[in-house]
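First up is the structure itself, then whatever we jot down about it.
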Ligand SMILES: Cc1ncc(COP(=O)(O)O)c(C=O)c1O
């Protein structure tokens with residue numbers, strides 16, 4: 001009998017597929033330092049027999065963990081932990097006593113950004129902090145603090161600062177094709193909070209939500225923690241495809257401007273089909289526009305929210321990519337009848353967002369600095385995207401960019417069998433790669449990586465592509 005069984009002993013019932021439960025349990029144990037580097041895992045046949053699951057379930061889970069860089073597998077020798085964790089997580093799920101069933105499920109679902117941290121990395125999908133106008137931001141902060149310091153020290157409106165709501169609303173109407181007024185904007189700390197709030201307020205435990213397959217793990221985590229049955233709906237070359245045999249949803253999560261992670265923009269006909277489908281089912285749509293401002297090759301389509309005549313779409317926007325992640329400012333654009341309930345919930349959960357930062361962000365937008373920063377950063381990311389494609393074409397002809405017209409990262413396909421093999425070699429050599437299989441709930445249909453480029457300077461892009469090219473020859 002395998003010694004790993006204690007890891008599975010306290011598992012709570014969940015709607016996740018069995019292989020996904022296995023992946024999560026083993027991944028948490030590795031990240032928590034319970035399975036140290038080089039430890040040998042039981043053979044898939046043994047673990048399958050001990051857990052009374054099929055061997056292919058264990059094979060699928062081991063394959064995923066290998067692709068993510070947590071395991072290496074050698075034919076005839078076995079499966080071994082490939083990740084050395086230097087600072088074990090202080091809060092491994094198995095050791096938390098006293099949590100409720102919901103608490104245990106949340107703790108086991110992992111964070112949105114559980115990726116191995118290695119030396120030189122393509123893994124980040126972050127903006128470049130060096131491009132941000134720090135001193136200007138500092139001046140605006142000082143000015144606000146001097147002029148209205150006492151106001152910013154008091155508690156504020158749970159819906160958000162009126163000045164910021166007005167600035168966001170006019171930006172969204174002019175630049176993103178959203179149809180709204182300031183009263184429909186609810187300021188939050190993050191898109192993640194928006195997704196969580198929408199899920200908690202719009203669905204009951206046991207309701208079905210559709211997510212994109214592959215899709216954003218942060219959304220899945222939020223929905224699972226609200227007790228949703230998360231149903232993956234495939235993405236094709238027009239975006240999420242709602243047609244097919246799917247259980248009736250209460251909520252549909254989608255990234256139409258720039259699908260995460262594959263990068264396709266949802267076509268107009270698909271947007272219309274999706275709105276129609278939502279109407280048929282009486283479902284809400286959660287439109288996550290996390291980096292739609294960064295479009296390089298074509299004019300972006302207006303937001304799905306702008307096409308919605310039924311009041312079914314909730315638009316989620318964030319400043320994490322266009323300004324900086326630690327600002328912790330994001331927003332929902334809500335159909336008017338939902339606003340009162342969402343504001344009450346926001347007040348109950350955590351009050352409101354930081355007043356001073358809201359005021360500074362409003363000034364930054366209203367005085368035109370936001371438009372300038374967007375224009376300048378878009379130009380630079382565009383040139384980095386071009387450089388990445390040129391260097392990949394030169395050094396890594398085996399890789400095929402999937403959709404590269406937008407965003408801070410680009411998904412590339414690798415030849416069959418290559419993702420698992422090269423990810424673990426790359427991790428071993430200190431090159432961080434984020435495998436596409438990580439974004440699937442079921443078996444992956446694309447092999448490849450999500451390559452972040454926006455925060456890398458030209459020299460680093462060249463160096464990484466060169467090293468990746470050498471590695472692909474092994
Ligand atoms: C699809 C998607 N939505 C939302 C976010 C994060 O936004 P926030 O920092 O506002 O939670 C990310 C971050 O990478 C993302 O990839």
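In UniProt numbering, the protein residues as written are 1 to 474.
Don't be surprised by glycine CBs; every beta carbon is placed ideally from N, CA and C.
Item to check | residue 342 (DSSP reduced to helix, strand or coil) | outcome: Start at 1 with the first residue of the chain shown, and residue 342 comes out as number 342. Helix at residue 342.
Checklist entry - In this structure, does DSSP put residue 467 in helix, strand or coil? => result Residue 467 sits at position 467 when you count from the first residue of the chain shown. In this structure, residue 467 counts as helix in the three-state DSSP scheme.
Next on the checklist: Quick check: what's the CA-CA separation for residue 88 versus residue 107?
Outcome noted: Counted from its first residue, the chain shown places residue 88 at position 88. Counted from its first residue, the chain shown places residue 107 at position 107. No answer about residue 88 holds up, because its pLDDT of 46 lies below 50 and its placement is not dependable.
Item to check | Cβ-heavy atom distance, residue 320 to ligand 1, below 7 angstroms | outcome: Numbered from its first residue, the chain shown carries residue 320 at position 320. For ligand 1, at least one heavy atom lies less than 7 angstroms from the Cβ of residue 320.
Checklist entry - Which term fits residue 134, buried or exposed, when burial requires 16 or more other beta carbons within 10 angstroms of its beta carbon? => result Reading the chain shown from its first residue, position 134 is the one you call residue 134. So residue 134 ends up on the exposed side.
Checklist entry - For residue 21, is the beta carbon positioned less than 7 angstroms from some heavy atom of ligand 1? => result Indexing the chain shown from 1 puts residue 21 at position 21. No, the Cβ of residue 21 stays beyond 7 angstroms of every heavy atom of ligand 1.
Item to check | Every unbroken beta strand (DSSP E) inside the region 303-380 [3 residues or more] | outcome: 313-318, 330-333
Item to check | Proximity of residue 439 and residue 214 at Cβ, strictly below 8 angstroms | outcome: Position 439 of the chain shown, counted from the start, is the residue given in the question as residue 439. Position 214 of the chain shown, counted from the start, is the residue given in the question as residue 214. The beta carbons of residue 439 and residue 214 sit closer together than 8 angstroms.
Checklist entry - Between which two residues does the alpha helix (DSSP H) containing residue 106 stretch? => result Position 106 of the chain shown, counted from the first residue, corresponds to residue 106. That run of the alpha helix (DSSP H) goes 101-108.
Checklist entry - At which residues does the beta strand (DSSP E) containing residue 252 begin and terminate? => result Within the chain shown, the letter at position 252 stands for residue 252. Counting along the chain, the beta strand (DSSP E) containing residue 252 begins and ends at 251-254.
Checklist entry - Who are the near neighbours of residue 443 in its chain, counting only those whose CB is closer than 8 angstroms to its CB and skipping five residues on each side? => result As a first step, residue 443 is located in the chain shown; it is residue number 443 there, counting from the start. Once the five neighbours on either side are set aside, the close Cβ partners of residue 443 are 60.
Checklist entry - What are the start and end residues of the beta strand (DSSP E) that includes residue 188? => result Taking the chain shown and counting its residues from 1, the one referred to as residue 188 is at position 188. Per DSSP, residue 188 belongs to the beta strand (DSSP E) from 185-188.
Checklist entry - Should residue 239 be listed as close to ligand 1, given that the test is whether its C-beta is under 7 angstroms from any heavy atom? => result Position 239 of the chain shown, counted from the start, is the residue given in the question as residue 239. Answer for residue 239: no, Cβ out of range of ligand 1.
Checklist entry - From residue 90 to residue 28, what does the alpha carbon distance come to, in whole angstroms? => result Along the chain shown, read from residue 1 onward, the residue named residue 90 stands at position 90. Along the chain shown, read from residue 1 onward, the residue named residue 28 stands at position 28. With a pLDDT of 46 at residue 90, under the threshold of 50, the modelled position of this residue cannot be trusted; read the value that follows with caution. Spanning the two alpha carbons is a distance of roughly 12 angstroms.
Next on the checklist: Using DSSP's beta-bridge definition, name the partner residues of residue 80.
Outcome noted: By one-based count along the chain shown, residue 80 stands at place 80. Answer is 40, 72, bridged to residue 80.
Item to check | Closest by C-alpha distance to residue 233, when choosing among 210, 451, 324, 328 | outcome: Reading the chain shown from its first residue, position 233 is the one you call residue 233. Nearest C-alpha to residue 233: 210.
Next on the checklist: Using only CA atoms, which one of 433, 342, 159, 42 lies nearest to residue 468?
Outcome noted: Position 468 of the chain shown, counted from the start, is the residue given in the question as residue 468. For the residues 433, 342, 159, 42, the minimum Cα distance to residue 468 belongs to 433.
Next on the checklist: Quick check: does the Cβ of residue 267 come within less than 7 angstroms of any heavy atom belonging to ligand 1?
Outcome noted: As a first step, residue 267 is located in the chain shown; it is residue number 267 there, counting from the start. Because no heavy atom of ligand 1 lies under 7 angstroms away, the Cβ of residue 267 does not count as near it: no.
Checklist entry - Whole-angstrom Cβ separation of residue 180 and residue 169, contact assumed at under 8 angstroms? => result Numbered from 1 along the chain shown, position 180 holds the residue referred to as residue 180. Numbered from 1 along the chain shown, position 169 holds the residue referred to as residue 169. Their Cβ separation, rounded to whole angstroms, is 6 angstroms, which keeps residue 180 and residue 169 in contact under 8 angstroms.
Next on the checklist: So, does the region 386-393 touch the region 184-202, judging by three or more C-beta pairs under 8 angstroms?
Outcome noted: No: the two stretches stay apart, fewer than three of their Cβ pairs being nearer than 8 angstroms.
Checklist entry - Distance, Cα to Cα, residue 141 vs residue 167? => result Here residue 141 corresponds to residue number 141 of the chain shown, with the count starting at 1. Here residue 167 corresponds to residue number 167 of the chain shown, with the count starting at 1. Those two C-alpha atoms are separated by around 17 angstroms.
Next on the checklist: Please state the DSSP three-state secondary structure of residue 50.
Outcome noted: Counting from 1 along the chain shown, the entry for residue 50 is found at position 50. In the structure shown, residue 50 sits in a helix (DSSP, three-state: H, G or I).
Checklist entry - Beta carbon of residue 288: closer than 7 angstroms to some heavy atom of ligand 1? => result Looking up residue 288 in the chain shown gives position 288. Yes, Cβ of residue 288 sits closer than 7 angstroms to a heavy atom of ligand 1.
Next on the checklist: Taking 7 angstroms as the cut-off, is the beta-carbon of residue 160 closer than that to any non-hydrogen atom of ligand 1?
Outcome noted: Along the chain shown, one-based indexing puts residue 160 at 160. Every heavy atom of ligand 1 is 7 angstroms or more from the Cβ of residue 160, so no.
Checklist entry - How is the alpha helix (DSSP H) around residue 58 delimited, first residue to last? => result Residue numbering aside, residue 58 sits at position 58 when the chain shown is read from its first letter. Its alpha helix (DSSP H) spans residues 55-67.
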